[in-house]
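Chemist: Throughout the sequence shown, residue numbering follows the working numbering, covering 32 to 156 in sequence. Ideal Cβ positions, reconstructed from N, Cα and C, are used throughout, including at glycine.
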Amino acid sequence: MQHIPTVAIVDDDDGVRSSLTSLIRSLGYKARSYGSAPQFLADRETDDPDCMIADIQMPEMTGDELQAALIAAGRRFPMIFMTAFPTAITRERVMAAGACAFLDKPAEPDTIARHLAAALARGRD
């Protein structure tokens, strides 16, 4: 049986989460969505995703703080970050820590699909 990749979406904006979930499913992947980084971290019922797409600017815990917490816990999987407020410092920090992509919002569906395919291919290496 062929493995269908699971993509976790972590974004505090309901509309963005819904749109990304629809896009991920239309690409043939499974999607799990979370309204915050702590909500993702609290999910102990499911295995780690094959890839994560996370917002940077979220209350409680930012996307780059989530990345650091996951790495510190030894949880490594491909991560793609998106933000409406890109800064060079944040981009450099998440990319240096191993992120696959840092996209400006709003990102085109084709751009997301391309980076997601590359991240999933990288994750299988």
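Count the C-beta pairs between the region 103-115 and the region 145-152 that are closer than 8 Å, then say yes if the count reaches three, no if not.
Modeler: yes
Chemist: Where residue 87 and residue 101 are concerned, what is the direct C-alpha to C-alpha distance, given to the nearest angstrom?
Modeler: 14 Å
Chemist: Can you have a look at residue 113 and say buried or exposed, based on whether 16 or more other CB atoms are within 10 angstroms of its CB?
Modeler: buried
Chemist: Check whether the region 130-149 and the region 64-71 are in contact - that is, three or more C-beta pairs closer than 8 Å.
Modeler: no
Chemist: With distances taken Cα to Cα, identify the nearest neighbour of residue 144 among 41, 82, 34 and 128.
Modeler: Taking each of 41, 82, 34 and 128 in turn and checking the Cα distance to residue 144, the smallest one comes out for 82.
Chemist: Assign residue 157 to buried or exposed, taking buried as 16 or more other Cβ atoms, counted over all protein chains shown, within 10 Å of its Cβ.
Modeler: Past the boundaries of the shown model lies residue 157; the chain is included only from 32 to 156, so the question cannot be answered.
Chemist: Would you call the CB atoms of residue 92 and residue 43 closer than 7 Å?
Modeler: no
Chemist: Exposed or buried, what is residue 33 when buried is set at 16 or more other beta-carbons lying within 10 Å of its beta-carbon?
Modeler: exposed
Chemist: May I have the straight-line CA-CA distance separating residue 35 from residue 60, to the nearest angstrom?
Modeler: 6 Å
Chemist: For residue 51, which option in 71, 75, 84 and 73 has the closest C-alpha, if you only look at C-alpha atoms?
Modeler: 84
Chemist: Let me make sure I understand the geometry here. Which of 94, 118, 55 and 120 has the alpha-carbon closest to that of residue 24?
Modeler: Any answer about residue 24 is impossible in this case: the structure gives the chain only from 32 up to 156.
Chemist: Could you give the DSSP three-state label for residue 116: helix, strand or coil?
Modeler: coil
Chemist: Classify residue 157 as helix, strand or coil using the three-state DSSP reduction.
Modeler: Past the boundaries of the shown model lies residue 157; the chain is included only from 32 to 156, so the question cannot be answered.
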